[in-house]
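Reading the sequence shown from the start, the letters are residues 1 to 61 in full-length UniProt numbering.
Positions of the beta carbon are idealized from the N, C-alpha and C atoms, including for glycine.
Remember, predicted model here, so these are calculated numbers, not experimental data.
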Amino acid sequence: MIVMDEFIEIGFETDDPADTWQALKNIFEARSSSQILLLSIKLHNMQMTKGSLIEEYLRIA
């Protein structure tokens, strides 16, 4: 799994796990029905290409 540096920094800004969780939730949580639908469609349409590695597939997920 790949974690981008800017997301790692969020976890180190506080020692409280609840604050870290809230920061991540604010970034990643879907806020509307249309956003949830768009993400569901994107997930449904994802396909691995023949001969590709699982790491490449998960990177675009």
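Distance, residue j Cα to residue i Cα
| i | j | result |
| --- | --- | --- |
| Gln35 | Glu29 | 10 Å |
| Ser33 | Leu39 | 10 Å |
| Lys50 | Leu37 | 27 Å |
Secondary structure of residue i, DSSP reduced to three states
| i | result |
| --- | --- |
| Glu29 | coil |
| Gln47 | coil |
| Ser52 | coil |
| residue 77 | Since the first and last residues shown for the chain are 1 and 61, residue 77 lies out of range. |
Nearest residue (CA-CA) to residue i, options the options
| i | options | result |
| --- | --- | --- |
| Lys42 | Ile60, Asn26, Leu53, Ser52 | Ile60 |
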